[in-house]
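Below is one structure, written out as structure tokens; the observations come after it.
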Amino acid sequence: TPAGAIRWIYDQFSYNYSENVGQRCPAIGSDGTIYIAGCGLHAVNPVDGSRKWVTYDPLGAKASPSIGPDGTIYTVFSQDSVVAVNPDGTAKWSNSFTYPWEMSFATPAIDNNSVIYFAAEARYEGTDYSNIYAFSTADGAILWKYPVEGERFVRASPVIDPNGNIIIATKANGMDKLAGVVALSPS
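See the structure below:
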């Protein structure tokens with residue numbers, strides 16, 4: 001409540017011991033439904049905390065969900081499965097990052113042109129790298145991919161400025177690979 005009293009608690013995750021739900025931000029739909037990434041994507045009634053629906057994934061959802069203007073919920077399942085879920089819990093589409101070892105922990109950003117941006121990172125054969133992906137919200141097609149230079153991870157969520165540019169912050173990876181901020185055009 002606004003006074004700090006507990007109204008309800010939702011703890012219906014299949015794998016509570018390893019969910020790391022607290023590392024993800026919930027998203028709230030226009031009808032007030034709360035969407036939480038955990039052992040899949042959970043839709044929670046805001047009035048009493050009851051479950052509306054859940055889409056399970058044995059490896060869990062990694063990224064915090066984002067909601068598009070039409071109510072579609074976007075997140076990442078398992079390690080590399082980018083998914084779009086309708087407000088009723090049915091699948092809209094799914095796609096993957098280029099490599100199966102890429103993963104995303106960041107909340108995706110959606111622009112005004114029906115494009116959704118995901119930050120993905122990986123460590124493969126001793127090399128660290130990140131990519132920024134642009135997916136079509138209509139069908140999940142990859143529109144483009146930007147390889148972040150300098151073996152820097154992108155764990156923070158991309159944001160979109162008023163001109164449509166995608167702004168990302170990179171994590172430092174040693175003294176020779178300092179943190180930075182990168183601005184990308186929509187193309």
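Counting with my numbering, you get residues 1 to 187 for the letters of the sequence shown. Using N, Cα and C, we set each Cβ at its ideal position, and we do this for glycine too.
Discussion item. Can you find the residues in the same chain that come closer than 8 angstroms, C-beta to C-beta, to Y17, ignoring five residues on each side of it along the sequence?
Written reply: With a pLDDT of 47 at Y17, under the threshold of 50, the predicted position of this residue should be treated as unreliable, though the coordinate-derived value follows. Taken in chain order, the list of residues that qualify is empty.
Worksheet item: Is the Cβ-Cβ distance between V148 and I166 less than 8 angstroms?
Response: no
Discussion item. How far does the beta strand (DSSP E) with S96 in it extend, from its first residue to its last?
Written reply: 91-96
Discussion item. Please tell me whether T127 and E151 are closer than 8 angstroms, where the distance is taken between their beta carbons.
Written reply: Taking a C-beta distance under 8 angstroms as the contact criterion, T127 and E151 qualify as a contact pair.
Worksheet entry | T107 vs V85 beta-carbon contact at 8 angstroms | Not a contact, by the Cβ cut-off of 8 angstroms.
Worksheet item: If you draw a straight line from the C-alpha of V82 to the C-alpha of F135, how long is it?
Response: 9 angstroms
Worksheet item: Identify the residues that DSSP records as bridge partners of Y99: which are they?
Response: Per DSSP, none; premise fails for Y99.
Discussion item. Spatial neighbours of T33 within its chain, please: C-beta separation below 8 angstroms, excluding the five flanking residues on both sides.
Written reply: A43, V44, N45, P46, K52, P87
Fill in: Nearest residue (CA-CA) to S130, options R155, C25, V181
It is R155 whose Cα lies nearest to the Cα of S130.
Fill in: Close Cβ partners of A91 (< 8 angstroms) along its chain, the five nearest in sequence each way excluded
Counting only Cβ-Cβ distances below 8 angstroms, and skipping sequence neighbours, we find T55, V83, A84, V85.
Practice prompt. Using a threshold of 8 angstroms, state whether the C-beta atoms of F153 and E125 are closer than that.
Written response: no
Worksheet item: Measuring CA to CA, which of G174, P186, M175 is closest to I168?
Response: Comparing alpha-carbon positions, the option among G174, P186, M175 lying closest to I168 turns out to be P186.
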